[in-house]
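Colleague: Please read through the structure below; I'll follow up with questions.
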Amino acid sequence: QVQLVQSGAEVKKPGASVKVSCKASGYTFTNYDVNWVRQATGRGLEWMGWMNGNSGDTGYAPKFQGRVTMTRNTSTTTAYMELSSLRSEDTAVYYCARGRIHDYWGQGTLVTVSS
Amino acid sequence: EIVMTQSPATLSVSPGERATLSCRASQSVSSKLAWHQQKPGQAPRLLIYGASTRATGIPARFSGSGSGTEFTLTIAGLQSEDFAVYYCQQYNNWPLTFGGGTKVEI
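Going line by line, the protein sequences match chains L and C.
So for the first sequence, our numbering puts the first residue at 73; every next one is plus one.
So for the second sequence, our numbering puts the first residue at 32; every next one is plus one.
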């Protein structure tokens, strides 16, 4: 069965960077994009960007351009999302999701930014 | 970017009743529209894609309709496990965008 398993919760100070991983299994990793979506507490879903699982090509939402980097390791079928210059407003649960239609989601990773 | 607007923000219904949720796009997204369900403390789950196709394992009481800029999610005969927040998402244009959500409550 398709599974996306994300790394554990992180606590970071303002100005730092965080890197969240998303381990994919149960399907051919290179056949699908991986998308990243975040959700602040009590708020809605916010799409951050996508990465082609085969080529590694990426596309980022304008809001995150310059601060986010999405990469992958095809040998370990793992996708990564790194967000830099963290501020308190980046405190949220970060999700990975498969494909444009987001047919499978990771369990989420809580990132807390606090001094 | 395409703005997705959902209404109402909150929908109060009784078990067994029908719920109708709306989603409007600021410009046409063709049929590239998905609906996701999210329960408290859980990741979202895909319900509908292509505006009207149920995802694997989704019960027939969930149905989607619409194209272009106007879309509807209908839940026929609400069950207790259906009380949740529902998000529409367009995937026709970059950046992908979500609506603000509709909370379906008892």
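Glycine residues also receive a C-beta, built at the ideal position from the N, C-alpha and C atoms.
Taking L:Cys94 as the reference, give the member of L:Tyr167, L:Leu182 and L:Ser187 with the closest Cα.
Modeller: Here the closest residue by C-alpha is L:Tyr167.
Colleague: Starting from L:Arg170 and walking both ways along the beta strand (DSSP E), at which residues does that stretch end?
Modeller: Taken as a continuous stretch (DSSP letters only), the beta strand (DSSP E) holding L:Arg170 covers Ala164 to Arg170.
Colleague: Where are the beta strand (DSSP E) runs, 3 residues long or more, that stay fully inside the segment 56-125 of chain C, in chain order?
Modeller: If we require 3 residues or more, the beta strand (DSSP E) runs fully inside the segment 56-125 of chain C come out as 64-69, 76-80, 93-98, 101-106 and 116-121.
Colleague: Rounded to the nearest angstrom, what separates L:Gln111 and C:Pro75 at their Cα positions?
Modeller: Taking the straight line from one Cα to the other gives about 11 Å.
Colleague: Could you check how far apart the C-beta atoms of L:Val106 and L:Gly125 are, in whole angstroms? I think they sit under 8 Å.
Modeller: Correct: roughly 6 Å between the Cβ atoms.
Colleague: Give the DSSP bridge partners of L:Ala88, in chain order.
Modeller: Bridge partners of L:Ala88: none, in fact.
Colleague: Under 8 Å between C-beta atoms, does L:Tyr166 make it to chain C?
Modeller: No, its Cβ sits nowhere closer than 8 Å to a Cβ of chain C.
Colleague: Below 6 Å CB to CB, which residues in the same chain sit around C:Ser94 once its five sequence neighbours on both sides are set aside?
Modeller: Same-chain partners within the cutoff: Thr105.
Colleague: Just the C-alpha distance for L:Val74 and C:Thr103, rounded to the nearest angstrom, thanks.
Modeller: So the alpha carbons of these two residues sit roughly 28 Å apart.
Colleague: Looking at C-alpha atoms only, which residue of C:Ser53, C:Ala115, C:Ala50 and C:Ile79 is the closest neighbour of C:Leu1?
Modeller: In the structure displayed, chain C extends from 32 to 137; residue 1 of chain C sits before or after that span and is not available.
Colleague: Identify the continuous beta strand (DSSP E) that holds L:Arg110 and give its terminal residues.
Modeller: First-last of the beta strand (DSSP E) with L:Arg110: Asp105 to Gln111.
Colleague: Measure the Cβ-Cβ separation of L:Pro134 and C:Pro126 and say whether it is below 8 Å.
Modeller: In this structure, C:Pro126 lies closer than 8 Å to L:Pro134 by Cβ.
Colleague: In chain L, which residues lie with their C-beta within 9 Å of the C-beta of C:Phe114?
Modeller: In chain order: nothing, as chain L lies at least about 17 Å away.
Colleague: Can you check whether the C-beta of C:Ala56 is within less than 8 Å of a C-beta belonging to chain L?
Modeller: No - not a single Cβ of chain L is within 8 Å of the one on C:Ala56.
Colleague: Could you tell me which chain C residues have their CB closer than 9 Å to the CB of L:Arg139, listed as they occur along the chain?
Modeller: The contacting residues do not exist; L:Arg139 stays about 14 Å from chain C at best.
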